[in-house]
Amino acid sequence: MSKFWYVAGELTEVQRYINVPMRWCEQYPARERREFWLTRTDGIDQEVKLVVHSRSMPARRGHEVCVLLLGELVVGLVNLSTGRRVNFITADPPLLLRRCDVLAAVGIFVSGAIVAASWDVRSLLLTVPLSLLYVPCRALGRLLWRTRLRGQVGRGLDMALTAASDEPPRLWRVK
């Protein structure tokens, strides 16, 4: 199971933005980005800024929340005030196919054709199947990763919810 962290506290501010990819290879699953700030409620004056690319946000300013993190990626949120929860991997899944993948497959094919023209024609026996199978293998790998992570986030949200209701809010590791 992946190592998740959770942070719990009160939502101080929630901002909604529209995603505009700045680089040619950037593709976001959702057109919206939420930036929100949490204030710990255990007496320590510390704010945490988190960003999630999602259309769904089940919490508003002033709500008590518990946020599940995988590194710096926000993967889940539980609203302790209303009881609603969201798994961001399920709500807005990451894309299976990206523009960079098609470019990489074309690059593999072109480099194989250059090698075939320069040295040996038999190199095409390796590069043609590689370039044809690259994109489906990347998409399958991302699908398997997403399916596995979806289940882990569900279990991690349950564990973080029970831990957050028992203890004062702070940054914890959930394994």
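For the sequence shown, position 77 (counting from the first letter as 1) is numbered 67 according to my numbering, and the numbering increases by one without interruption. Glycine included, each C-beta is placed from N, C-alpha and C at the ideal position. As the structure is a computational prediction, the values presented were derived from the model and not from experiment.
Q.
Runs of 4 residues minimum, wholly inside the segment 63 to 88: which ones carry the alpha helix (DSSP H) assignment?
A. 78 to 81
**Q.** Residue from Leu123, Gly146, Thr29, Glu62 whose Cα sits closest to the Cα of Val181
**A.** The structure shown has nothing for residue 181, since the chain only spans -9 to 165.
Q.
I need the boundaries of the beta strand (DSSP E) containing Ala(-2), first residue and last residue.
A. The count along the sequence shown starts at 1 and reaches residue -2 at position 8. Taken as a continuous stretch (DSSP letters only), the beta strand (DSSP E) holding Ala(-2) covers -6 to 8.
Q. What number of angstroms, rounded off, separates the C-alpha of Asn77 from the C-alpha of Cys90?
A. For the purposes of this step, residue 77 is identified with residue 87 of the sequence shown, where counting begins at 1. For the purposes of this step, residue 90 is identified with residue 100 of the sequence shown, where counting begins at 1. Answer to the nearest angstrom: the Cα atoms are 27 Å apart.
Q.
Check this for me: beta carbons of Ala103 and Ser121, under 7 Å apart or not?
A. Along the sequence shown, one-based indexing puts residue 103 at 113. Along the sequence shown, one-based indexing puts residue 121 at 131. Cβ atoms of Ala103 and Ser121: not closer than 7 Å.
Q | Spatially closest choice to Ser(-8) from Arg128, Leu60, Ala150, Ser101, by CA coordinates | A | Position 2 of the sequence shown, counted from the start, is the residue given in the question as residue -8. Taking only the C-alpha atoms, the option nearest Ser(-8) is Leu60.
Q | The beta strand (DSSP E) enclosing Trp27, as first and last residue numbers | A | Here residue 27 is taken as the residue at index 37 of the sequence shown, counted from 1. Segment 22 to 29, the beta strand (DSSP E) holding Trp27.
Q.
Three Cβ pairs or more, each shorter than 8 Å: is that satisfied between the segment 47 to 55 and the segment 71 to 87?
A. yes
Q) On the premise that Asp82 lies in contact with Ser113, defined as a C-beta separation below 8 Å, what is that separation, rounded to the nearest angstrom? A) On the sequence shown, residue 113 is found 123 positions in, with the first residue counted as 1. On the sequence shown, residue 82 is found 92 positions in, with the first residue counted as 1. Incorrect: roughly 41 Å between the Cβ atoms, too far for contact.
Q) Are the Cβ atoms of Leu123 and Leu86 separated by less than 7 Å? A) Here residue 123 refers to the residue found at position 133 when the sequence shown is read from its first residue. Here residue 86 refers to the residue found at position 96 when the sequence shown is read from its first residue. No, the Cβ-Cβ distance between Leu123 and Leu86 is not below 7 Å.
Q. Whose C-alpha, out of Ala150, Thr29, Ala153, is nearest the C-alpha of Thr2?
A. Residue numbering aside, residue 2 sits at position 12 when the sequence shown is read from its first letter. Out of Ala150, Thr29, Ala153, Thr29 has the C-alpha closest to the C-alpha of Thr2.
(Q) Within 10 Å of its beta-carbon, does Cys56 have 16 or more other beta-carbons around it, so buried, or fewer, so exposed? (A) On the sequence shown, residue 56 is found 66 positions in, with the first residue counted as 1. Under this definition Cys56 is a buried residue.
Q.
For the beta strand (DSSP E) containing Val41, name the first residue and the last one.
A. Indexing the sequence shown from 1 puts residue 41 at position 51. Here the beta strand (DSSP E) through Val41 covers 37 to 42.
Q: Could you check which residue in Arg138, Gly(-1), Leu58 has the C-alpha nearest to that of Gln172?
A: Residue 172 falls outside the range modelled here, since the chain spans only -9 to 165, and no answer is possible.
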